[in-house]
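When the letters of the sequence shown are read in order and numbered with the numbering used here, they come out as residues 4 to 60. All C-beta atoms, glycine included, are put in the ideal place defined by N, C-alpha and C. For clarity, every value in this text was computed on a predicted model and none was experimentally measured. One structure is given here, and the rest of the page talks about it.
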Amino acid sequence: MKIFIKREKGVSEVIGTLLILTITVVLFSSVFYYVATMPPPQSRVYASFQASYFIDN
């Protein structure tokens with residue numbers, strides 16, 4: 004009969020990697036959703052002025 008020794012080091016590394024990957028995906032998705040739902044910038048109104056001054060003697 005073989006005795007199996009539990010090695011949990013590999014399991015904890017896999018769980019840590021999955022947690023980091025999950026956190027990264029959630030953060031990226033949150034930022035993407037925030038940027039995608041922002042209203043577009045208002046169009047700017049440009050004005051053109053022309054002035055003249057006349058002196059009558």
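Helix, strand or coil for residue i per DSSP?
i: Phe-35; result: helix
i: Ile-23; result: helix
i: Val-48; result: coil
i: Ser-55; result: coil
CA-CA distance, residue i and residue j?
i: Ser-36; j: Phe-52; result: A small correction: the amino acid at residue 36 is Tyr; Ser does not occupy that position in the sequence shown. Straight-line Cα distance between these residues: approximately 42 Å.
i: Phe-31; j: Leu-21; result: 15 Å
i: Met-41; j: Tyr-49; result: 24 Å
i: Ser-33; j: Ile-26; result: 11 Å
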